[in-house]
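Oh and the sequence shown: position 51 is 241 in the numbering used here, straight run, nothing missing.
We treat Cβ as the ideally placed atom computed from N, Cα and C, and that holds for glycine.
None of the values given here were measured: they were computed from a predicted structure.
Structure first, commentary second.
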Amino acid sequence: MSFPATRLRRLRRTGALRALTRETRLSPESLIYPLFVDAAAQQPTPIASMPGQYRHPVGTLPALARDIVDRGIGSVMLFGLPLEKDEVGTGAYDADGVVQRAVQEIKSAQPELIVITDTCLDEYTSHGHCGVIVNGDVDNDATLELLARTAVSQAAAGADMVAPSDMMDGRVGAIRCALDESGFAALPIMSYAAKYASAFYGPFRDAADCAPQFGDRRSYQMDPANRREALREVELDLAEGADIIMVKPALPYLDIIADVHRAFSVPVAAYNVSGEYAMIKAAAQQGWLDERATILEILTAIARAGAQMILTYHALEAAEWVEHSDARPS
Ligand code: PBG
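Next up, the structure:
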């Protein structure tokens with residue numbers, strides 16, 4: 191049946207009809223708010239390249255966690271800035287490390303808030319790479335043991351989930367094995383499975399002070415030109431025991447999110463990264479974009495592609511907007 195019998199505009203005529211037929215809805219509990227916890231900070235310190243985001247001291251986390259819960263946001267993802275860095279990222283698996291202390295504070299203040307920890311070494315290494323350096327490159331197998339130790343120490347601190355973001359081969363299996371041996375068989379792993387070597391991480395590296403001191407991350411993160419390889423990464427991580435699969439970045443990689451969602455019956459997360467956030471903030475500050483409408487459109491598009499949870503620095507503001515259906519893209 192075609193025109194004039196078929197008129198797609200019939201269901202677009204009013205806000206109520208559009209709401210009735212809307213295919214994608216956002217909810218605060220599917221947002222994951224990434225937080226930077228800084229062992230050296232005395233008070234929340236603004237991050238210049240990410241307006242509205244801060245490096246938080248451990249002490250102010252309980253109040254922040256309460257605000258997050260009040261807004262209906264279901265989870266946070268923690269990144270740590272240690273007091274000291276070294277060649278092997280000791281701060282990452284220190285029982286008294288900044289993330290371990292942050293987890294304890296948040297969980298005792300807000301037990302129902304899901305606390306996910308980024309499991310990686312780059313914020314803790316003096317060279318800024320995600321693993322141990324041998325002969326000028328990141329050594330895969332030597333890094334696995336340190337990642338496993340990091341995950342176990344985060345679990346011991348009370349984390350609800352660990353999220354390896356290093357892109358070493360075999361890390362999910364190594365972490366799964368170590369968690370199981372340490373009595374954490376019930377702890378899920380969210381794997382940054384398809385993580386691309388992206389320029390969109392620039393502001394994060396300022397925020398977390400983890401820019402590589404030499405070279406780049408292209409020998410371990412994925413080539414942005416590759417699509418089919420993402421499915422291999424996901425397949426391997428699932429075989430090693432990953433529970434949730436992440437695609438990162440989000441907006442320039444909607445095709446990858448859609449492919450993963452179609453190919454595997456597992457929960458898919460997408461990371462709306464620091465550079466995606468900074469672009470919107472910068473344009474909005476200039477008055478060049480309607481900030482609220484743009485953010486809602488972006489988050490809706492990421493969800494529409496197939497992400498059922500979204501890590502986003504917009505979480506605090508977006509949680510309020512998505513609560514009201516009239517604030518959804520109309
Ligand atoms: C590595 C890590 C990075 C991000 C999350 N985890 C940086 C990188 O791989 O260079 C980037 C997140 C963002 O840009 O918002 N631990």
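Among the options, the one whose alpha carbon lies nearest that of residue i
{"i": "P439", "options": "E313, R482, E295 and K385", "result": "K385"}
{"i": "G318", "options": "V278, A229 and A459", "result": "V278"}
{"i": "T307", "options": "V328, E507, T340 and D445", "result": "T340"}
{"i": "Y314", "options": "A401, L441, M499 and L225", "result": "A401"}
{"i": "V437", "options": "D427, V458 and G465", "result": "V458"}
{"i": "S372", "options": "A483, V342 and D257", "result": "V342"}
{"i": "H504", "options": "V512, Q498 and A345", "result": "V512"}
{"i": "T214", "options": "S409, R494 and L428", "result": "R494"}
{"i": "L311", "options": "V289, A282 and P252", "result": "A282"}
{"i": "R245", "options": "A453, L441, A398 and Q498", "result": "A398"}
{"i": "A474", "options": "A448, P241 and P224", "result": "P241"}
{"i": "P414", "options": "E274, F404 and D445", "result": "D445"}
{"i": "G496", "options": "Y443, E419, V463 and T484", "result": "Y443"}
{"i": "A376", "options": "D433, A460, A491 and L506", "result": "D433"}
{"i": "I365", "options": "F390, A383, L334 and A292", "result": "L334"}
{"i": "A229", "options": "D260, E274, A209 and R256", "result": "E274"}
Alpha-carbon spacing of residue i relative to residue j, whole angstroms
{"i": "V362", "j": "P354", "result": "7 angstroms"}
{"i": "T211", "j": "L198", "result": "12 angstroms"}
{"i": "D350", "j": "I296", "result": "11 angstroms"}
{"i": "A347", "j": "A238", "result": "30 angstroms"}
{"i": "D359", "j": "V328", "result": "12 angstroms"}
{"i": "L201", "j": "G321", "result": "53 angstroms"}
{"i": "G392", "j": "D406", "result": "12 angstroms"}
{"i": "A509", "j": "D370", "result": "35 angstroms"}
{"i": "V266", "j": "P194", "result": "50 angstroms"}
{"i": "G205", "j": "I222", "result": "28 angstroms"}
{"i": "A517", "j": "I258", "result": "At A517, the pLDDT of 48 sits below 50, so the modelled position is not reliable and the matter cannot be decided from this model."}
{"i": "L479", "j": "I470", "result": "8 angstroms"}
{"i": "G249", "j": "R417", "result": "43 angstroms"}
{"i": "S585", "j": "V424", "result": "This structure gives no information on residue 585, because the portion of the chain shown stretches from 191 to 520."}
{"i": "Q344", "j": "T196", "result": "57 angstroms"}
{"i": "N330", "j": "I304", "result": "30 angstroms"}
{"i": "F269", "j": "S192", "result": "54 angstroms"}
{"i": "D396", "j": "I379", "result": "27 angstroms"}
Residue interval of the alpha helix (DSSP H) (run including residue i)
{"i": "A460", "result": "Not the alpha helix (DSSP H): A460 falls in the beta strand (DSSP E), residues V458 to N462."}
{"i": "H512", "result": "It should be pointed out that residue 512 corresponds to Val in this sequence rather than to His. That run of the alpha helix (DSSP H) goes A505 to E513."}
{"i": "A353", "result": "Careful: A353 lies outside any alpha helix (DSSP H), inside the beta strand (DSSP E) at M351 to P354."}
{"i": "R494", "result": "E481 to A495"}
{"i": "R422", "result": "R418 to A429"}
{"i": "F394", "result": "G392 to A397"}
{"i": "R169", "result": "The first residue shown for the chain is 191 and the last is 520, placing residue 169 beyond what the model contains."}
{"i": "I296", "result": "V288 to A299"}
heavy atom of the ligand PBG below 7 angstroms from residue i C-beta
{"i": "R245", "result": "no"}
{"i": "S381", "result": "no"}
{"i": "E313", "result": "yes"}
{"i": "S239", "result": "no"}
{"i": "S298", "result": "no"}
{"i": "V463", "result": "yes"}
{"i": "S355", "result": "yes"}
{"i": "F394", "result": "yes"}
{"i": "R494", "result": "no"}
{"i": "R407", "result": "yes"}
{"i": "C367", "result": "no"}
{"i": "D308", "result": "yes"}
{"i": "F454", "result": "no"}
{"i": "F404", "result": "no"}
{"i": "F390", "result": "yes"}
Those residues which DSSP pairs with residue i across a bridge
{"i": "A384", "result": "V437"}
{"i": "T214", "result": "In the DSSP output, where bridge partners are listed per residue, T214 has none listed."}
{"i": "M358", "result": "DSSP lists no partner for M358."}
{"i": "D228", "result": "L271"}
{"i": "V248", "result": "None, per the DSSP bridge assignment."}
{"i": "L236", "result": "As written in the sequence, residue 236 is Pro, which differs from the Leu given in the question. DSSP, once it has assigned bridges, lists Y244 as partnering P236."}
Delimiting residues of the beta strand (DSSP E) encompassing residue i
{"i": "T280", "result": "It is not in any beta strand (DSSP E) - T280 carries neither H nor E in the DSSP assignment."}
{"i": "D327", "result": "D327 to D329"}
{"i": "I306", "result": "I304 to T309"}
Proximity test, Cβ basis, 8 angstroms: residue i and chain D
{"i": "R208", "result": "The structure shown has no chain D; it contains just one protein chain."}
Near the ligand FAD: residue i beta-carbon under 7 angstroms from a heavy atom
{"i": "L501", "result": "By its list of ligands, the structure shown excludes the ligand FAD, since it contains just the ligand PBG."}
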